[in-house]
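The structure appears right after this line, and notes come after that.
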Amino acid sequence: MSAYYDENELDDNVPLSGSLLHKLGGVIKPHWRTLLGGVLGIALVAVADAVFTYLHKEILDAAIIAGNKTVLWKLFEYYIALVVIQSIAVFLFVYFIGLQGERIRYDLRKKLFDHLQRLSLSYFSKTPLGWIMSRVTSDTEKMGDLLTWGIVDSTWASVNILFASIFMFIINWRLAILVVLSLPVMLFVAIKFRKRIYYHYRLSRKANSKMTASMNENITGVRVVKALRREEKNLENFKVLSSDMFNSSYRAAFLSALFLPTIQTISAFSLAMVLWQGGIMVENSFITIGGLQAFISYIMMILWPVQDLARVYAEMQNAVASSERVFSLLETIPSITDFPDTVEITSLLGDVDFQNVSFHYEDDEPVIRDLSFHVPQGNTVALVGPTGGGKTTIVNLLCRFYEPSEGVILVNGQDYQDFKLKDIQSRIGVVLQTPHLFSGTILENIRYGRLDATDAQIEEVAKLSGAHEFITSFEHGYQQDVGEGGNLLSVGQKQLISIARALLANPDIFVMDEATSSVDTLTEALIQKGMHQLMEGRTSFIIAHRLSTIKHADQIMVINAGRIEEQGTHETLMRVKGHYYNLYTHQFRQELETRLDPFNSKNNEDSRRN
Amino acid sequence: MAQKAHTYPPCDMQCVISSKPLISLWHLISGFHWQYFGATFFAGTAALARTGVNLFLGYFIDQILIKRQYGTKLIEAALIFAALIAGQAFSSFMSGKLAAQTGEGSTRRLRDYLFNHIQRLSFAYHSEAKTGDLLERATSDVDTLRRFFSDQAIGIGRITLIFIINLTAIYRINPRLAGISVVIVPVILVVSLLFFKQLSKSYASYQEQEAVLTTNLQENLSGVRVVKAFARQGYEIDKFEGNNAEKLRRGEKLNMMHALFWPISDLICAAQQITSSFIAALMAIDGVITVGNFIAFAGLLGWLIWPVRNLGRLIVDTSRALVSFKRITNILKVPEENLFIASCQPENGVKGDISFDHVSFEYEKNHPVLQDVNFSCKAGQVVALLGSTGSGKTSLVKLLPRFYEVTSGRILLDGVNLNEYSRDFLRSQIGIVEQEPFLFSASIRDNITYGMKHEVSQAKVEEVARDAAIHDVVESFTNGYDTLVGERGVTLSGGQKQRVAIARALLINPRILILDDSTSSVDMETEVQIRAALENLMKDRTTFIIAHRIQSIMDADLILVFDQGRIIQSGTHAELLSQPGAYQEIYEIQTRIDNALQEEIDNVSLL
Ligand SMILES: Nc1ncnc2c1ncn2[C@@H]1O[C@H](COP(=O)(O)OP(=O)(O)OP(=O)(O)O)[C@@H](O)[C@H]1O
Ligand SMILES: Nc1ncnc2c1ncn2[C@@H]1O[C@H](COP(=O)(O)OP(=O)(O)OP(=O)(O)O)[C@@H](O)[C@H]1O
Ligand SMILES: [Mg+2]
Ligand SMILES: [Mg+2]
């Protein structure tokens with residue numbers, strides 16, 4: 004059902020470009036010490052691994068076959084020393100690389116989160132939440148892996164292959180050539196395999212994120228699912244997704260199971276060759292028994308670096324794609340930012356002017372058209388009008404969630420784009436049309452309006468907003484848990500808490516976007532009484548559909564299709580008998596008349612039959 | 342979407358739940374038991390072949406190289422080597438393949454089951470549960486189980502087999518050596534068990550922090566409008582920074598444990614290896630064992646020691662899988678809402694007579710939300726609910742489709758107790774428009790047709806859209822009905838969302854329609870338009886309207902005024918207006934216009 008998945012996850016075949024490398028370098032740069040420590044550690048481990056095999060050969064040839072116990076002692080001393088050195092190297096590399104991984108991930112998460120806080124609302128209404136989440140969670144993981152294990156594993160593998168080859172050449176160059184020649188074949192097959200595996204693995208990741216998205220939507224929308232009895236169909240759809248997931252991840256697991264055995268079988272050929280040729284050489288004393296045994300070990304072990312290289316290579320492509328996505332998010336320019344020469348302000352008090360403001364969310368779908376109005380400081384303005392007319396959009400513009408595509412908005416005679424975003428938004432108290440509460444207690448939610456507010460102040464605004472009464476009737480009072488998104492409260496209760504939260508912010512401009520649409524009339528009247536004092540001196544914008552909410556406003560604007568259709572006080576608008584009059588009086592009357600008037604009802608009956 | 346066959350062996354998940362977790366896990370892979378055995382069997386043969394390679398190496402050196410038996414024997418030996426390795430390769434492939442079948446197959450079945458199970462849990466469960474938590478269980482806990490079945494469940498058996506086979510082989514070479522070689526094994530096992538136990542604690546705390554961080558992020562993103570409205574970016578950044586730093590701290594601790602464990606256990610294992618090899622080397626020099634035996638032994642020894650270190654990891658991973666499994670069974674144990682059990686199911690649907698008989702209801706014990714509610718209405722009537730915030734209006738209408746069950750009293754539908762109808766049937770008869778409508782991130786058409794079991798014609802969609810007064814708006818969008826609405830419908834205005842939800846409810850053609858504050862964001866004019874359409878549609882159907890505007894409800898056949906869970910007034914508009922009380926007061930506030938103005942308007946309208 005869900006319309007977006009990680010579409011971007013599809014373009015995984017991003018080449019590792021120079022600019023990307025540069026950016027990755029920037030990520031590693033602060034951590035070059037740990038990286039260096041880790042790489043040195045792992046290189047030492049790899050060298051030690053190769054030396055061990057050589058030591059085995061010596062033990063066999065120089066001590067055992069030669070029957071020399073003194074040499075044996077000596078060699079075992081080396082052996083012990085090497086074990087200790089390697090353990091230290093293991094400690095260093097695990098420690099440094101692990102540390103580096105954690106720190107890089109920490110850095111990336113921090114950068115992403117900080118950047119997200121700067122992005123504008125337009126970004127969030129277009130980008131699915133799940134998509135952003137996976138950038139911050141899984142992509143940073145993958146990038147962290149690339150910049151740590153990717154580097155370490157490939158270092159280990161190459162150093163290991165290098166030193167193993169050196170020792171093999173020392174032992175016997177002819178056999179060594181035989182082995183080294185088989186390496187490219189193994190590597191080629193391994194990379195081919197790994198790519199296939201990774202391809203299916205990626206498909207399964209994709210299937211997995213679709214599955215998770217579908218499950219997520221099914222849980223968040225479970226009430227609708229139940230009310231409309233969609234269970235069967237949703238299960239059907241889900242089964243398609245889960246079987247996609249099964250197919251690709253089984254495929255990946257199958258290939259993984261086949262992968263090492265195949266490489267092993269290839270190495271079995273070179274092993275057989277080495278045994279055969281090596282045996283002949285032993286016969287002619289070109290090689291010792293220990294030497295041959297060392298070769299066998301090298302061949303059997305070279306599997307691991309080969310498979311590591313192949314894995315890093317295959318995963319790298321994916322990690323590169325992850326990095327691209329992370330960087331592209333970091334480079335997304337917020338559509339609304341502070342301009343260079345902002346002026347400091349201490350208050351937003353003053354007249355508010357819209358001058359020839361036009362605005363659209365989508366190109367060629369204008370929402371606000373050439374809108375101008377003037378609101379003197381301290382006035383209360385009511386915005387009314389048909390739904391979809393653009394009232395909420397005006398609020399969005401006023402709070403600078405969006406900026407006009409044409410025209411200017413002035414506060415106190417100055418273009419509000421000259422101010423800092425933070426200065427504007429911290430001085431406007433807005434109650435949004437869809438009340439949103441955070442998980443947590445009622446107290447925490449109200450306090451969000453002003454973080455240093457005392458409990459007494461919170462109680463005070465709760466009283467003003469008419470919330471105090473119901474809050475105290477709860478078992479835990481202000482400590483009552485509101486549930487996810489405020490699930491455990493009634494809608495009206497959520498609205499009252501949102502109002503309290505905005506009041507607490509003590510704003511210069513107050514905006515209520517249908518803030519009391521679900522609040523009963525008596526409570527609303529109560530709030531209005533208290534708010535009246537509170538509004539004193541502040542400029543307020545109120546959007547509502549109920550007459551009782553708006554009729555006291557100093558100015559009422561009827562907004563229709565992004566334009567002001569009528570403007571004035573309640574009295575003047577009533578007198579002009581226009582749109583406003585129709586909305587609030589005429590309809591009311593007509594309703595009554597229709598029901599009293601027999602002819603009209605006849606007409607109605609007729610139209611019903613048609 | 343293309344239909345594919347989703348077949349897998351059946352499994353009754355409810356019988357999976359047992360007090361013995363290991364038995365439960367065994368049930369969970371029912372239908373895959375042979376694959377599981379197969380995987381373990383091939384793991385065994387792989388170990389055998391592997392041991393064979395080492396033993397044969399010893400034989401090769403003693404019998405061929407040292408005895409100088411070259412020629413064809415050499416080629417033969419080389420071939421046997423290759424064959425053994427190929428045999429090992431084939432066995433590990435088979436083992437891996439069968440393990441994947443077990444793991445992937447049984448978890449896919451579990452996933453489907455969980456998805457279905459979760460969507461059939463009660464409303465009460467869902468309002469308490471956290472989305473992120475449910476999701477976590479259905480995804481990453483299931484994944485932990487998958488890894489368990491395709492890795493650890495077989496790994497433990499495999500390592501044990503490897504140990505036994507290699508020990509036997511060493512014993513055959515020299516019993517004393519075998520004894521010496523296993524001295525440290527218990528130490529390794531204990532050390533690694535202790536370590537991994539500790540590690541899994543640290544890991545759990547690390548993961549917990551990860552969950553905290555994810556929830557933090559999710560809350561921040563879903564409340565982004567509030568964050569911006571209050572310019573709380575700084576606060577949010579600090580909060581996230583705190584959690585992020587804590588994760589770093591726990592990660593560093595975890596990392597330190599790893600950094601210490603691997604070299605230390607390396608040293609312990611190496612101590613064993615060095616001692617044993619040294620003794621074996623002395624034996625070889627003294628001729629107690631042959632050179633070939635020494636080489637074979639050296640190879641076998643590694644397979645005796647190192648896997649044991651992993652055994653600790655596997656055992657602890659298993660306990661982690663058990664924890665995940667328990668979290669999953671905790672969901673499985675919650676009974677599903679029964680959709681189909683019924684003793685009454687009228688073929689032609691219900692008529693719509695409803696009566697509430699001393700109904701009380703509470704979400705939590707001893708916190709009544711509805712108390713002693715009594716009223717009744719005839720089919721085709723309009724019942725309006727008005728009342729203070731939090732007085733239980735929404736709760737009342739949620740009882741009708743049996744989203745919740747009454748605590749006491751009963752609700753009769755056509756004279757039959759509501760709980761004699763199946764939930765599925767009731768929901769097919771009732772259309773409910775929720776107070777905060779939820780739209781899916783899909784096209785407008787998909788959202789409107791969400792409740793339909795079959796394809797719906799465009800004409801039909803347009804018809805209900807017209808009735809909900811949303812058609813013209815949709816037509817004005819560039820993409821019309823294919824316009825995608827953002828998550829939860831963010832790209833629509835408040836009133837547009839509500840009307841899409843109304844269209845969605847109308848499309849299922851319900852006998853009972855519930856409009857819970859569904860026109861609160863719709864202007865009067867549009868509302869009148871909708872009501873006119875509804876009037877036609879709902880002529881012989883029962884309608885419940887919750888609203889705060891008197892104009893929205895004044896022509897209802899029955900108006901119920903609620904306060905604190907009780908009906909404090911009831912009657913028609915005219916009746917209620919004529920008696921003092923809340924209704925009158927509300928009416929007053931909503932219609933009061935200054936007298937002078939009133940007069941003037943009256944004069945104007947007379948003209
Ligand atoms: N984020 C968005 N992206 C694209 N279009 C949008 C977005 N938000 C709103 N719109 C469109 O802009 C128009 C005006 O919407 P707005 O929310 O301002 O209306 P409104 O007057 O507040 O209506 P209501 O009374 O129903 O809340 C609508 O057609 C709506 O679909
Ligand atoms: N899922 C829930 N769990 C626990 N308590 C709840 C739940 N939903 C609502 N409540 C509580 O039950 C009471 C009644 O809520 P309800 O939603 O029925 O009110 P309402 O009359 O619809 O109010 P409104 O007009 O604000 O929508 C409220 O006090 C609310 O906090
Ligand atoms: Mg709006
Ligand atoms: Mg309600």
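Quick mapping for you: the protein sequence lines, in order, are chains R and Z. Throughout, our numbering is defined as the position within the first sequence, counted from one, plus 3. Throughout, our numbering is defined as the position within the second sequence, counted from one, plus 341. Every residue, glycine too, gets a C-beta built ideally from N, C-alpha and C. As the structure is a prediction and not an experimental result, all values here were calculated from the model.
Notebook entry, point to check: Distance, Cα to Cα, R751 (chain Z) vs N850 (chain Z)?
Noted result: Straight through space, the alpha carbons of N850 (chain Z) and R751 (chain Z) are spaced by roughly 26 Å.
Notebook entry, point to check: With a cut-off of 8 Å, do at least 3 Cβ pairs link the segment 181-191 of chain R to the segment 61-75 of chain R?
Noted result: no
Check: What span of residues does the alpha helix (DSSP H) with L63 (chain R) cover, start to end?
Finding: Careful: L63 (chain R) lies outside any alpha helix (DSSP H) and carries neither H nor E.
Check: How long is the line joining the alpha carbons of D484 (chain R) and D421 (chain R), rounded to whole angstroms?
Finding: Straight-line measurement puts the Cα of D421 (chain R) at about 41 Å from the Cα of D484 (chain R).
Note to self: Would you call the segment 420-439 of chain R in contact with the segment 513-532 of chain R, where contact means no fewer than 3 C-beta pairs closer than 8 Å?
What the structure shows: Verdict: yes, contact present.
Item checked: Extent of the continuous beta strand (DSSP E) run through T542 (chain R) -> 542-546
Notebook entry, point to check: Alpha carbon to alpha carbon, how far is I887 (chain Z) from A897 (chain Z)?
Noted result: 11 Å
Check: If we count the other Cβ atoms within 10 Å of its Cβ and call it buried at 16 or more, is F544 (chain R) buried or exposed?
Finding: buried
Notebook entry, point to check: In three-state terms, what does DSSP make of R499 (chain Z)?
Noted result: helix
Margin query: So within the segment 380-449 of chain Z, which uninterrupted alpha helix (DSSP H) runs reach at least 4 residues, ignoring any that extend past its ends?
Written below: Considered as a whole, the segment 380-449 of chain Z harbours no complete run of any alpha helix (DSSP H) with no fewer than 4 residues.
Note to self: Measuring straight from C-alpha to C-alpha, what distance separates E803 (chain Z) and R840 (chain Z)?
What the structure shows: If you take the alpha carbons of E803 (chain Z) and R840 (chain Z), they lie about 13 Å apart.
Notebook entry, point to check: Residues of chain R with a CB under 8 Å from the CB of I636 (chain Z): which are they?
Noted result: L63, Q296
Note to self: Using a Cβ-Cβ cutoff of 9 Å, what residues of the segment 297-320 of chain R are near chain Z? List them in chain order.
What the structure shows: I299, S300, M303
Note to self: Counting only beta-carbon separations shorter than 9 Å, does S326 (chain R) have a partner in chain Z?
What the structure shows: no
Item checked: Per-residue DSSP class, three states only, for M793 (chain Z) -> coil
Check: How big is the Cα-Cα spacing for A92 (chain R) and E677 (chain Z)?
Finding: 56 Å
Checklist line | Nearest to V346 (chain R) (by Cα), restricted to the options R:Q417, R:L507, R:A53 | finding: R:Q417
Check: So F818 (chain Z) is in the alpha helix (DSSP H); what residue range does that whole segment cover?
Finding: No alpha helix (DSSP H) holds F818 (chain Z); DSSP gives it neither H nor E.
Margin query: Quick check: is any heavy atom of ligand 1 less than 8 Å from the C-beta of V3 (chain R)?
Written below: No information on residue 3 (chain R) is available, as it lies outside the stretch 4 to 613 that chain R covers here.
Notebook entry, point to check: Whose C-alpha, out of R:E365, R:P33, R:L525, is nearest the C-alpha of L727 (chain Z)?
Noted result: R:L525
Margin query: Does any residue of chain Z have a CB that is nearer than 9 Å to the CB of H548 (chain R)?
Written below: yes
Item checked: Where F342 (chain R) falls: helix, strand or coil (DSSP) -> coil
Note to self: So for Q590 (chain R), helix, strand or coil by DSSP?
What the structure shows: For Q590 (chain R), the predicted model reports a pLDDT of 48, less than 50, meaning its position is unreliable and no value from the coordinates is stated.
Next item on the list: Would you mind sorting R513 (chain Z) into buried or exposed? The rule is 16 or more other CB atoms within 10 Å of its CB.
Entry: Classification of R513 (chain Z): exposed, given that the 10 Å Cβ count is below 16.
Item checked: Nearest candidate by alpha-carbon position, reference V192 (chain R), set R:N211, R:S259, R:V162 -> R:S259
Note to self: Quick check: A572 (chain Z) and A505 (chain R), are their CB atoms within less than 9 Å of each other?
What the structure shows: no
Margin query: If contacts are defined as beta-carbon pairs under 8 Å, then L331 (chain Z) and G733 (chain Z) qualify, I think. What distance do you get, rounded to the angstrom?
Written below: There is no way to answer for residue 331 (chain Z), as the model of chain Z reaches only from 342 to 948.
Check: Comparing the CB of L558 (chain Z) with every heavy atom of ligand 2, is any distance shorter than 8 Å?
Finding: no
Notebook entry, point to check: What in chain R is Cβ-close to A625 (chain Z), meaning under 7 Å?
Noted result: I67
Item checked: Cβ shell of S618 (chain Z) (< 7 Å), same chain only, five flanking positions each side left out -> Closer than 7 Å at Cβ, skipping near neighbours: A639, L642.
Checklist line | Per DSSP, the bridge partner or partners of H377 (chain R) | finding: R:D356
Check: Quick one: what's got a C-beta closer than 7 Å to Q498 (chain R)'s C-beta in the same chain, skipping five residues either side?
Finding: P438, A518, T519, S521, V522
Note to self: Let me see if you follow: with CB-CB separation under 9 Å, is E678 (chain Z) close to chain R or not?
What the structure shows: yes
Check: According to the Cβ coordinates, are V378 (chain R) and V355 (chain R) closer than 9 Å?
Finding: yes
Margin query: Below 8 Å, is the gap between the Cβ of S521 (chain R) and the nearest heavy atom of ligand 2?
Written below: yes
Next item on the list: Taking L149 (chain R) as the reference, give the member of R:F170, R:S326, R:M304 with the closest Cα.
Entry: R:S326
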